[in-house]
Structures are given as C-alpha cells and as structure tokens.
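K.L.:
Once you've had a glance at the structure underneath, I'll fire off some questions.
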Amino acid sequence: MESNFTPIEFQKARDFSNKMNATFEFLKQNFKPFFKSLLFIAGPPMLVGSVLAGSLYSGYFGFIGNMSRNQGNPDVITDYLGSPMLWVEITLAVLLMFLSGVMIVAVVYNYMMEYDARKSNDIDVNTIWERVRNSLPMYFGTIFLYWILLIAAYLLVILVIIGAAAISPWLAFLGGVAVFIGFMYAIISLSLLFIIRAYEKIGFFEAISRCFTLIRDKWWSTFGLLVILSLVQSTISSLFLIPWYINFFVSMMHSIDGNPFQEPSFTQELINNIFMTLYFIVSFLLYSLPLIALAFQYFNLVELKEAKGLLSRINTIGQPVENSKTDEQY
Numbered sequence: 518m519e520s521n522f523t524p525i526e527f528q529k530a531r532d533f534s535n536k537m538n539a540t541f542e543f544l545k546q547n548f549k550p551f552f553k554s555l556l557f558i559a560g561p562p563m564l565v566g567s568v569l570a571g572s573l574y575s576g577y578f579g580f581i582g583n584m585s586r587n588q589g590n591p592d593v594i595t596d597y598l599g600s601p602m603l604w605v606e607i608t609l610a611v612l613l614m615f616l617s618g619v620m621i622v623a624v625v626y627n628y629m630m631e632y633d634a635r636k637s638n639d640i641d642v643n644t645i646w647e648r649v650r651n652s653l654p655m656y657f658g659t660i661f662l663y664w665i666l667l668i669a670a671y672l673l674v675i676l677v678i679i680g681a682a683a684i685s686p687w688l689a690f691l692g693g694v695a696v697f698i699g700f701m702y703a704i705i706s707l708s709l710l711f712i713i714r715a716y717e718k719i720g721f722f723e724a725i726s727r728c729f730t731l732i733r734d735k736w737w738s739t740f741g742l743l744v745i746l747s748l749v750q751s752t753i754s755s756l757f758l759i760p761w762y763i764n765f766f767v768s769m770m771h772s773i774d775g776n777p778f779q780e781p782s783f784t785q786e787l788i789n790n791i792f793m794t795l796y797f798i799v800s801f802l803l804y805s806l807p808l809i810a811l812a813f814q815y816f817n818l819v820e821l822k823e824a825k826g827l828l829s830r831i832n833t834i835g836q837p838v839e840n841s842k843t844d845e846q847y
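No gaps in the numbering here: position 37 of the sequence shown is 554 in our numbering, and each next residue is one more.
See below:
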C-alpha cells in the first residue's frame with residue numbers, strides 16, 4: 518500500500534530503456550487488477566484451449582513413442598491421423614486459442630484506456646468487461662481484415678515470384694529476398710494496428726496508413742522492443758517446460774524393457790499434461806508484455822511527431838492541479 522499514487526503519463530516521449538521501464542512499472546502498479554481482469558475475461562477459453570493444446574502435445578509424443586515401439590508401422594500413422602477425436606481437439610484448440618488471443622488484446626488495451634481515463638489503478642473486472650464487450654466487434658473485425666490482407670498479399674507475391682522465376686532463377690531469388698524484407702517491415706509496422714484503432718477510433722484502412730506514418734524512421738526501435746519483450750515472454754514461460762522435460766527423461770530412463778519410448782503411465786501422462794497446460798496459460802498471460810510495450814511505443818511516436826502530450830500540458834497551464842487519489846499499488 519502506498520499513500521502517494523503517481524499515475525504513469527502515457528503521452529510522453531521515451532527512449533528504449535524508458536519504454537521498458539514504463540512497461541514493467543505499469544505491470545507493477547496494476548498487477549492484481551490487471552491480471553484478475555485477464556483471468557476472469559480471457560481465462561475460460563484460455564484454460565480450455567490450453568488443456569486441449571497440452572493434451573495434443575502429449576498425444577503427439579505418445580504417437581512418436583508408439584511409432585518407435587512398432588518400428589514405423591504405417592497402421593500406427595493411419596490410426597493416429599484417422600482419429601476423428603484428434604481433429605475435433607485440434608479444431609477446438611485452434612478456435613479457443615484464437616478467441617483467447619483476441620480477448621487478451623482487448624483486455625490489455627481496454628484496461629490501459631480505463632487506467633488513462635481514471636489516472637488510477639482502482640479498476641474492477643466488471644468495468645473492463647463492459648469495455649471489452651463493446652469493443653470486441655472491432656477487434657474481431659480487425660483480425661479478420663488483417664488476415665484477408667495478408668492472404669491476398671501472399672498470393673500476389675507468389676504470382677510475382679513465379680513470373681520472375683520464369684524469366685530468371687536469380688530474379689526469383691532477389692524477388693524472394695525483397696519480399697521477405699518487405700513483409701518484415703509491414704508486419705512490424707502493423708503491430709501498432711490494435712492500439713491505434715483502440716485509442717483513435719478510426720477505420721481499418723485509415724489505421725493501416727497511420728501505422729506506416731508513425732513508424733517511419735522508428736522501425737528498428739519498434740522491432741527491438743518487440744524482440745526483447747518477446748524473448749522475456751518466451752524465457753519465463755519456458756520455465757514451465759522444465760518439469761515436463763524432467764518427467765519425460767525420467768520416464769525414459771526408468772523404462773522397464775529398456776525401450777526409451779515406453780508408453781507413459783497414467784501419472785506421468787497427467788503430470789505432462791498439467792505442466793504443458795501451465796506453459797500455454799503462462800505464455801498467453803505474458804503475451805500482455807509486448808502489447809503493453811507497443812502501447813508505450815505508440816504514445817512515444819505520437820509525442821515525437823505530434824507533441825500531443827506537450828500541447829495538453831500547455832493547455833492546462835493556469836488550471837488548478839487535482840491531487841492524485843490514494844490507491845493501492847501492487
């Protein structure tokens with residue numbers, strides 16, 4: 518509990534280290550209400566999807582072990598791939614994880630907007646849920662149009678490369694390299710798409726144009742921020758795979774007949790599923806790290822190019838200063 522709560526100023530120019538610091542400071546201030554909102558709103562599909570994904574992962578290793586025990590018998594492959602339940606699980610896992618991903622993005626940015634509006638971390642789940650429910654069509658629409666755009670661009674690129682290959686293999690190679698560079702630039706630029714649509718309330722194609730306008734001359738800093746936070750996310754979540762690997766190797770070393778791919782016991786399989794599920798859940802929750810960092814990069818770019826925060830402070834000169842509320846800081 519801290520008596521003097523100081524809200525983080527969003528509209529502010531920040532260098533690389535300050536954007537990192539702001540990301541972790543935001544999580545520190547909002548840890549309990551923020552992750553509570555994530556778990557209550559995005560948690561149900563995330564939990565079921567993670568259980569299914571963990572089961573599929575363990576089932577795949579069981580399939581590999583079965584192949585080894587049966588010396589690559591093609592009937593094993595047919596039985597595994599021909600199982601209707603396998604494809605039902607895959608379909609449900611993909612749909613639920615997709616839903617979880619969209620919900621996490623919606624929760625993160627709606628929470629940040631509520632925090633910015635209140636200048637307080639006294640935020641309850643119901644408030645965030647109301648915001649998320651009202652904005653979900655925008656997030657789903659953005660994802661849908663984004664993938665349509667990517668697929669159309671991919672098909673166009675394939676046609677161009679095929680045409681270039683008909684002229685010269687070297688031309689096709691150079692075209693492929695140019696396309697890869699172009700795709701990388703576009704994907705990093707479009708990483709600001711959700712935060713722009715959330716804060717500026719503009720249309721999809723206008724937001725795309727805004728992405729490229731803001732990121733001009735700042736692509737590398739955005740790329741670096743994403744890489745560092747994604748590495749932090751993957752490193753922390755990977756810690757939950759260590760017990761899975763330990764259990765996997767212990768079960769191989771203690772196989773009765775000397776076969777390292779002996780079918781695991783019920784207990785071993787249960788432990789594997791639990792830790793694989795935890796890995797997926799933690800990975801989803803930590804997906805909020807790069808999302809928050811991207812928000813601070815967005816505000817940084819807006820401030821550098823348009824000085825909105827500075828103009829706002831100039832407009833408040835001479836006005837009485839309102840004391841910050843006393844809030845809990847977690």
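Heads up, the beta-carbon is just placed ideally off N, CA and C, and yes, glycines get one too.
Pull up the distance between the alpha-carbon of residue 550 and that of residue 673, whole angstroms please.
P.N.:
Roughly 45 Å between the two C-alpha positions.
K.L.:
Which of helix, strand or coil does DSSP assign to residue 695?
P.N.:
Note: residue 695 maps to helix in three-state DSSP.
K.L.:
Beta carbon of residue 624, beta carbon of residue 640: below 8 Å?
P.N.:
Cβ atoms of residue 624 and residue 640: not closer than 8 Å.
K.L.:
Let's see if you can read the secondary structure: which residues bound the alpha helix (DSSP H) around residue 638?
P.N.:
Careful: residue 638 lies outside any alpha helix (DSSP H) and carries neither H nor E.
K.L.:
Suppose only complete runs of 3+ residues qualify. What are the beta strand (DSSP E) ranges in the region 616 to 675, listed by chain order?
P.N.:
Listed in chain order, there is nothing to give.
K.L.:
For residue 622, count the other beta carbons within 10 Å of its own beta carbon; 16 or more makes it buried, fewer makes it exposed. Which is it?
P.N.:
Per the 10 Å Cβ criterion, buried.
K.L.:
Answer with buried or exposed for residue 714, where buried requires no fewer than 16 other C-beta atoms within 10 angstroms of its C-beta.
P.N.:
The residue is buried, with at least 16 neighbouring Cβ atoms inside 10 Å.
K.L.:
Between which two residues does the alpha helix (DSSP H) harbouring residue 720 extend?
P.N.:
Here residue 720 belongs to no alpha helix (DSSP H), and DSSP marks it neither H nor E.
K.L.:
Keeping to the same chain, check which residues put their C-beta closer than 7 Å to that of residue 653; ignore five residues upstream and five downstream.
P.N.:
623, listed in sequence order.
K.L.:
Can you give me the Cβ contacts of residue 764 inside the same chain, cut-off strictly under 7 Å, excluding the 5 residues immediately before and after it?
P.N.:
Taken in chain order, the residues that qualify are 785, 788 and 789.
K.L.:
Going by C-alpha distance, which of 606, 542, 719 and 528 is nearest residue 571?
P.N.:
Checking every option, the nearest Cα to that of residue 571 belongs to 606.
K.L.:
Just to confirm the assignment: which complete alpha helix (DSSP H) runs, minimum length 4, are found wholly within the region 785 to 815?
P.N.:
Runs of the alpha helix (DSSP H) inside the region 785 to 815: none found.
K.L.:
So what does DSSP say about residue 481, is it helix, strand or coil?
P.N.:
Outside the displayed span of the chain (518 to 847) sits residue 481, for which this structure offers no information.
K.L.:
Thinking just about the alpha-carbon of each residue, which of 747, 615, 603 and 647 is nearest to the one in residue 557?
P.N.:
Measuring from the Cα of residue 557, the nearest candidate turns out to be 647.
K.L.:
What distance in whole Å lies between the Cβ atoms of residue 794 and residue 567, which are believed to be in contact at a cut-off of 8 Å?
P.N.:
Sure, about 5 Å apart at Cβ, within 8 Å.
K.L.:
Mind the definition here: the region 707 to 725 touches the region 796 to 816 only if three or more C-beta pairs lie below 8 Å; say whether that holds.
P.N.:
Enough Cβ pairs lie closer than 8 Å, so yes.
K.L.:
If distances are taken between C-alpha atoms only, which option among 630, 626 and 563 comes closest to residue 611?
P.N.:
Measuring from the Cα of residue 611, the nearest candidate turns out to be 563.
K.L.:
Quick check on this structure: which residue in 743, 650, 704 and 745 has the alpha carbon closest to the alpha carbon of residue 725?
P.N.:
Among 743, 650, 704 and 745, the Cα nearest to that of residue 725 is on 704.
K.L.:
Quick one: grab the DSSP three-state call for residue 542.
P.N.:
Residue 542 falls in the helix class under three-state DSSP.
K.L.:
Checking 8 Å against the spacing of the C-beta atoms, do residue 745 and residue 739 come in under that value?
P.N.:
Their beta carbons are not under 8 Å apart, which means residue 745 does not touch residue 739 by this criterion.
K.L.:
Quick check on the burial criterion: 16 or more other C-beta atoms within 10 angstroms. Buried or exposed for residue 845?
P.N.:
Low local confidence applies: a pLDDT of 40 at residue 845 is under 50, so the model's placement there is unreliable, and no value is given.
K.L.:
Taking residue 664 as the reference, give the member of 721, 680 and 792 with the closest Cα.
P.N.:
Ranking the options by Cα distance to residue 664, first place goes to 721.
K.L.:
Using three-state DSSP, classify residue 703 as helix, strand or coil.
P.N.:
In the structure shown, residue 703 sits in a helix (DSSP, three-state: H, G or I).
K.L.:
Leaving out the 5 sequence neighbours to the left and right, which residues in its chain are closer than 6 Å to residue 662 when beta-carbon positions are compared?
P.N.:
So the qualifying residues of the chain are 721.
K.L.:
DSSP state of residue 689, grouped into three classes?
P.N.:
Helix, per DSSP.
K.L.:
On the DSSP letters alone, give me the boundaries of the alpha helix (DSSP H) that residue 709 sits inside.
P.N.:
Where residue 709 is concerned, there is no enclosing alpha helix (DSSP H), given that its DSSP letter is neither H nor E.
K.L.:
Between residue 536 and residue 814, is the Cβ-Cβ spacing less than 8 Å?
P.N.:
Cβ atoms of residue 536 and residue 814: closer than 8 Å.
K.L.:
From 628, 696 and 638, pick the residue whose C-alpha is nearest to that of residue 675; which is it?
P.N.:
Of the listed residues, the one whose Cα sits closest to residue 675 is 696.
K.L.:
Taking the C-alpha atoms as reference points, what is the distance between residue 651 and residue 616?
P.N.:
Cα to Cα, residue 651 sits roughly 16 Å from residue 616.
K.L.:
Hey, residue 753 and residue 799: beta-carbon distance below 8 Å or not?
P.N.:
Yes, the pair counts as a contact, with Cβ atoms nearer than the cut-off.
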